[in-house]
Amino acid sequence: MNAFKSPEQKAAEAALREQEQAKQAEEDVIAAKEKQERIVQGSVPKCDSSNAKDSLKNAFDNAQFARTANLSAIEVTSIREIAFEPSNKTRVCFGTIVMNNTEKSGVKFKLEDRTDGQFMLTFEVSEDVAAAPISLPAPQTVATQTTAGLQTQVTPESRLKQPAATNSVQLPTGQSTEAETLGKYKVSFDCNKASTTAEKLTCTTNTLSQLDGLLAATYKDRMNNSIYGVDKLTFKGSQLAWGKTKNICTDAACLETAYRNRIFELCEMPVVSGVHPSGDCDAIQN
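Residue numbers (this note's numbering): 135 to 420.
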């Protein structure tokens with residue numbers, strides 16, 4: 135036999151049922167929103183997720199300039215989302231990388247959904263750790279290789295895969311040898327104002343002086359030639375960031391490797407249209 139319930143008890147139970155129903159309805163709405171967000175955003179993680187940060191650190195550590203200078207990413211901080219493109223499920227983010235030499239560098243990175251449940255990560259380092267670069271790339275260019283970083287395909291478990299080399303240029307028959315090419319160049323800065331060990335070594339070592347001159351010429355060409363379609367602020371930031379890593383070197387061998395790697399990196403920059411032109415940088419052995 136059911137116990138007699140007073141009107142007050144019945145009212146309290148009805149109110150409790152209404153609360154439970156309202157709570158369940160709220161949870162259903164949240165679940166529906168999360169499901170819709172997963173559909174819209176695909177496999178792209180949030181900018182400040184542990185998956186995104188771990189993938190960025192691994193990509194930075196595997197970048198050629200970081201390996202050359204023995205740099206590694208210790209921490210990624212101050213991460214914020216700049217933009218999200220629903221059409222191609224691409225998230226653009228900005229943050230600060232703290233390196234093993236205690237220095238910090240701004241980093242813009244992009245996370246793009248892939249149809250196989252993975253996502254693509256690309257990044258560019260920037261001199262400014264406080265603000266993101268002004269210009270954002272068009273959605274269709276997000277997955278192209280950047281000049282300052284590494285294009286890396288990442289699984290949800292953060293297993294990194296190196297991309298295949300693209301736009302490699304073969305040395306044409308009859309083109310000048312490396313020695314002949316370097317002989318046309320000299321150091322690009324005033325050696326009377328050299329202050330760092332790296333600068334002084336560059337001024338007193340003939341090969342380094344010539345490599346510095348060639349790098350300066352190659353950088354100027356990529357900056358000003360519209361066929362490469364670079365964002366000038368971002369490109370300048372990448373060169374300044376490379377200069378910081380280069381200045382860590384304390385011997386000529388380290389510097390020569392840094393110069394050769396950077397020249398090769400700029401020489402292999404993809405073009406936005408037409409045929410990749412040949413130049414003096416093609417004669418340099420990496």
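Backbone N, C-alpha and C define an ideal beta-carbon position, used for all residues, glycine too.
Alpha carbon of residue i to alpha carbon of residue j, nearest angstrom
i, j, result
"T315", "F199", "24 Å"
"T236", "L205", "10 Å"
"D195", "A207", "6 Å"
"A332", "N326", "14 Å"
"L284", "Q155", "Because L284 carries a pLDDT of 35, less than 50, the predicted location of this residue cannot be relied on, and the following value inherits that uncertainty. So the two alpha carbons sit approximately 51 Å from each other."
"K157", "A145", "18 Å"
"S407", "G377", "29 Å"
"H410", "M357", "15 Å"
"V232", "V210", "6 Å"
"E390", "A193", "24 Å"
"K320", "G363", "28 Å"
"E152", "S140", "19 Å"
"D262", "A217", "Residue placement at D262 cannot be trusted, given a pLDDT of 48 that sits under 50; the coordinates are not used to answer."
"D162", "C388", "59 Å"
Of the listed residues the options, nearest to residue i (C-alpha basis)
i, options, result
"I382", "R201, E154, K139", "R201"
"A417", "E154, F228, T331, K318", "K318"
"G229", "S221, E215, K223, N222", "E215"
"D426", "T368, S322, I361, D162", "Because the chain here runs from 135 to 420, residue 426 falls outside it and cannot be looked at."
"K244", "S343, K334, E219, T330", "E219"
"F369", "A148, N192, E142, M403", "M403"
"K223", "L190, T330, M254", "M254"
"A386", "T339, L150, A350, Y353", "T339"
"I397", "G413, S239, E258", "G413"
"E312", "R394, A159, Q153, V226", "R394"
"S189", "L400, F257, N359", "F257"
"V405", "K366, G371, I361, S372", "I361"
"T384", "K354, K180, L335", "L335"
"K246", "Q143, V178, I213, K238", "Position check: residue 246 holds Glu in this sequence, whereas Lys was assumed. For the residues Q143, V178, I213, K238, the minimum Cα distance to E246 belongs to V178."
Range of the contiguous beta strand (DSSP E) that encloses residue i
i, result
"T230", "224-233"
"S81", "An answer regarding residue 81 cannot be provided, because it is not within the stretch 135 to 420 covered by the chain."
Segment limits, alpha helix (DSSP H) that includes residue i
i, result
"S239", "Note, S239: premise wrong, no alpha helix (DSSP H); beta strand (DSSP E) at 238-247."
"D346", "340-358"
"A186", "184-196"
"A313", "312-316"
Residues bridged to residue i [DSSP beta-bridge criterion]
i, result
"T256", "K244"
Let me know the alpha helix (DSSP H) ranges lying completely inside the region 380-409, each 4 residues or longer, listed in chain order. Fully enclosed alpha helix (DSSP H) runs of 4 or longer: 386-401.
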